[in-house]
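Residue numbers (the numbering used here), protein chains in the order written: chain A, 78 to 512; chain B, 78 to 512.
There are 2 protein chains.
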Amino acid sequence: MMQSWLSISPTSPFSIANIPFGIVSTCEDATPRPAVAIGDFALDLSAFAAGGGFSQLPSIQEHLSVFSRTTLNDFAALGRPVHKEARSYLQKVLQEDTPYPSILKSNVSLRESALVRLESVQSHLPLQIGDYTDFYAGLNHAYNVGVLFRGPDNALQPNYKHLPVGYHGRASSVIVSGTPVRRPRGQVLQTHVAGSTGPIFGPTKKLDIELELAAFVCTGNTLGDPISIDKAEEHIFGLVLMNDWSARDIQAWEYVPLGPFNSKNFATTISPWVVLLDALEPFRAENLWPGETGAQESLLPYLQQQRLDSVYDIDLEVEFRTAGLDEPTVITRTSARNLLYSFPQMLAHHSVTGCNMNTGDLLGSGTISGDAPGKLGSFLEQTKNGKEPVKLPNGVERFFLQDGDEIVIRGVAGEKGGHVGFGDCRGVILPAHGK
Amino acid sequence: MMQSWLSISPTSPFSIANIPFGIVSTCEDATPRPAVAIGDFALDLSAFAAGGGFSQLPSIQEHLSVFSRTTLNDFAALGRPVHKEARSYLQKVLQEDTPYPSILKSNVSLRESALVRLESVQSHLPLQIGDYTDFYAGLNHAYNVGVLFRGPDNALQPNYKHLPVGYHGRASSVIVSGTPVRRPRGQVLQTHVAGSTGPIFGPTKKLDIELELAAFVCTGNTLGDPISIDKAEEHIFGLVLMNDWSARDIQAWEYVPLGPFNSKNFATTISPWVVLLDALEPFRAENLWPGETGAQESLLPYLQQQRLDSVYDIDLEVEFRTAGLDEPTVITRTSARNLLYSFPQMLAHHSVTGCNMNTGDLLGSGTISGDAPGKLGSFLEQTKNGKEPVKLPNGVERFFLQDGDEIVIRGVAGEKGGHVGFGDCRGVILPAHGK
């Protein structure tokens, strides 16, 4: 296992095996700029580049300006071979037996200017998002929700195992971890109130989470020319965690016939560090139903993959915090192997009509749930749509989220000391306006 | 009626009462730049500003740089009072008895550099689009489609008359009039083929149009703070025509439970000139069902408007061209008064959860249809989903679009000599790849 000359906790999600990219600012310099996370530090790539940090990587010299941008779009647009070289080079600079000690290890002045403690950086959205699409590729989630609304016999729609169902989401309200989420107000049908006719307006009473992964597109395609399944991975920059906050009562009233709209458009939180696909390569895995999808003949050829191990063995958890609890409580533990479709399949499907993808487009996986209580990625599933509470310590119960509740999603692959993790995807609920 | 010193055909959509804004380039200068359309000309605002054209409008002086941008976003972001002043000033410069003859009328050199014939300009998307949302506010269309799929008793969903149903669309594939449209391929269920099991992959056989209007947002709101119905108009830059191309067979298979996706994401065409709301102000009108929506109590307060005349009296038509026809044939004539909800209502609903709107966001109205054959905004309605052909001259028939067919949508308000129109919203169908 590779070691760094920096002291890194074995439980850190940002081991030297990771090197995720993000955008940070500091009190001293409010300009957002690219960085990588390493242990307890952000390595400010703007300062690093300005201080000659990339001098031993000739191929990046003509592109150094990408490290003085306020988003990672220009870096992402350089394509995966460049990302791979940059990550590999930074690992060499940071490793215990670095071949380039004078670059950073023994360069006190550059260490002081470029290494910033994570606790003193402000994270920003890593890329400017063009279009945001959310899929529905978590088979257990689709099944569980189907059972709730249509019963077990018709739980999955007929199309579900033939294509990765997805819908276009709202890009403007994708926010970075730590941004508070205002409880939305909207139209709700009060079906349970006797004598009630028509919808009422007010704060959602069914504010929910959705535990997801999401992929950023690095390079796109021309309108009219689909991305083939075999090339799709080359178009993916990396992954983040995502919490697709949802107002279930608004959703139930509005969603026919064109899908979720106001129930989703008020906020979608992502984790700040983009974990490159190269860092996740050792954790490729088959999904939990290898007979269902992949290279086999049950899918149309445009969705058939050369490799069955096209999802990732990432452990995911949802932590719940509120004032009435002495300490944070994990309410969900599951795995990203619960995704029936891979991101390359989603990308191939999305673009098969010729739809053009652009650098910075974001693809959500859909809610990731396991197959049992304690493994479910939404309160909708955990509480059977508000019928059975989630029981927490101190007698605290939740059907859905209350004001002041905080959700932290985490995800990590690999062994202690070599973790490839995402850091926190966090949000706290603010009361609705006008209360 | 205001007259211009420029010779303008009385049938031109671009009378001096209009002054719509767009983005153009020319063979001589390939850089896209702002312009207004007037008669047969584009007035290049970059050249006009550089030549001192705005010298008699002191309030615009500090903002002149917006006219050297490649999109109208910066101009739009200045807000409606500035748009109003700029349009009014350009009318004064162009009117017969202009108070500023030396600006353009008698300034031969500026006329030569800034007035370009429309036939020699290339139009571009007028704004860089952030998010694109499509509504479903055409009551007849929603009813007609509902009858086709659910019968007359359940044609409208229960929510339809309580809120403007909408969904998030694909922004990247919004294209400007004249861009050809590649027939998309995708998954289709062959329900009519005996013995067929599962979906097949191929070119859509039900390629359709949707006749729509669309609004560009000029100024947005902060995430968490809704736009109130009374302020919504101030956030709208202007309107364009839109053709929301749709693949009905792909749509039928994919759309449950999250709405249309691949069936819509391959192309959406808009007309190049943004007609400002100020230009449309004289054509305000009630919709055709004034008892249904507006200020009355049947809607929740956040959707109640002060004025019932919140849609526009715009005549719309769809023209069809193909090789087998001697001349173009109008297949649809209808009115924008068939919209049940206004754009301010759509904007208020969209943002009521706190969803943040940005400069350049695009809101489609949904398909606009009248209540009888010859007034329908889609082939789906005209042919009852492919059952009864549209009959055209020379024995030509169409159930849906064939390769080489061309659609031109037009829209105009006002009387001859004072037309406020949009110009063409045009697209021709290219054969699918791999045929």
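Quick reminder that beta carbons are idealized off the backbone N, C-alpha and C, glycines included.
Could you give the DSSP three-state label for residue i: helix, strand or coil?
i: Q168 of chain B; result: helix
i: F477 of chain B; result: coil
i: L192 of chain B; result: strand
i: Q328 of chain A; result: helix
i: E394 of chain B; result: strand
i: S102 of chain B; result: strand
i: L357 of chain B; result: helix
i: V429 of chain A; result: coil
i: N184 of chain B; result: coil
i: K161 of chain A; result: helix
i: Q382 of chain B; result: coil
i: A292 of chain A; result: strand
i: A372 of chain A; result: The predicted model places A372 of chain A with a pLDDT of 48, which falls under 50 and marks its position as unreliable, so this point remains unresolved.
i: F420 of chain B; result: helix
i: Q80 of chain A; result: coil
i: S412 of chain B; result: strand
i: S142 of chain B; result: helix
i: H312 of chain B; result: helix
i: S387 of chain A; result: coil
i: P470 of chain B; result: helix
i: D285 of chain B; result: strand
i: F278 of chain A; result: strand
i: S197 of chain A; result: helix
i: Q264 of chain B; result: strand
i: L457 of chain A; result: helix
i: A490 of chain B; result: strand
Below 8 angstroms between beta carbons: does that hold for residue i and residue j?
i: L216 of chain B; j: W366 of chain B; result: yes
i: S190 of chain B; j: I100 of chain B; result: no
i: T148 of chain B; j: T108 of chain B; result: no
i: T436 of chain B; j: A114 of chain B; result: no
i: N236 of chain A; j: V333 of chain B; result: yes
i: R325 of chain B; j: L457 of chain B; result: yes
i: D403 of chain B; j: N462 of chain B; result: no
i: G481 of chain B; j: V505 of chain B; result: yes
i: S357 of chain B; j: A490 of chain B; result: Sequence inspection shows Leu at residue 357 of chain B; the Ser mentioned does not correspond to that position. Result yes, Cβ atoms of L357 of chain B and A490 of chain B sit closer than 8 angstroms.
i: S254 of chain B; j: T346 of chain B; result: yes
i: R414 of chain A; j: P405 of chain A; result: no
i: F499 of chain B; j: W350 of chain B; result: yes
i: I206 of chain A; j: V258 of chain A; result: no
i: Q479 of chain B; j: L377 of chain A; result: no
Rounded C-beta distance between residue i and residue j? I'm assuming under 8 angstroms.
i: H245 of chain B; j: H426 of chain A; result: 17 angstroms between Cβ atoms; not a contact.
i: F278 of chain B; j: R260 of chain B; result: Rounded, the Cβ-Cβ distance is 14 angstroms, inconsistent with contact.
i: Q422 of chain B; j: P241 of chain B; result: 6 angstroms
i: H496 of chain A; j: P97 of chain A; result: That belief does not hold up - the Cβ atoms of H496 of chain A and P97 of chain A are roughly 11 angstroms apart, past 8 angstroms.
i: L181 of chain B; j: V198 of chain B; result: Going by Cβ atoms, the distance from L181 of chain B to V198 of chain B rounds to 18 angstroms, so no, they are not a contact pair.
i: Y213 of chain A; j: L335 of chain B; result: 6 angstroms
Would residue i be called buried (16 or more neighbouring beta carbons within 10 Å of its own) or exposed?
i: A449 of chain B; result: exposed
i: M78 of chain B; result: exposed
i: K493 of chain B; result: exposed
i: G116 of chain B; result: buried
i: E287 of chain A; result: buried
i: L192 of chain B; result: buried
i: H226 of chain A; result: Rather than His, the amino acid found at residue 226 of chain A in this sequence is Phe. The residue in question, F226 of chain A, is exposed, as its Cβ has fewer than 16 Cβ neighbours within 10 Å.
i: L507 of chain A; result: exposed
i: Y502 of chain A; result: The question names Tyr, but residue 502 of chain A is Cys in the sequence shown. Under this definition C502 of chain A is a buried residue.
i: T88 of chain B; result: exposed
i: S86 of chain B; result: exposed
i: G451 of chain B; result: exposed
i: C104 of chain B; result: exposed
i: G301 of chain A; result: buried
i: G130 of chain A; result: buried
i: K464 of chain A; result: exposed
i: A400 of chain B; result: exposed
i: G454 of chain B; result: buried
Entirely enclosed beta strand (DSSP E) segments - the stretch 199-232 of chain A, minimum 3 residues:
209-212
Within the stretch 88-135 of chain A, note down every full beta strand (DSSP E) run reaching 3 residues or more, in order along the chain.
98-103, 110-115 and 118-121
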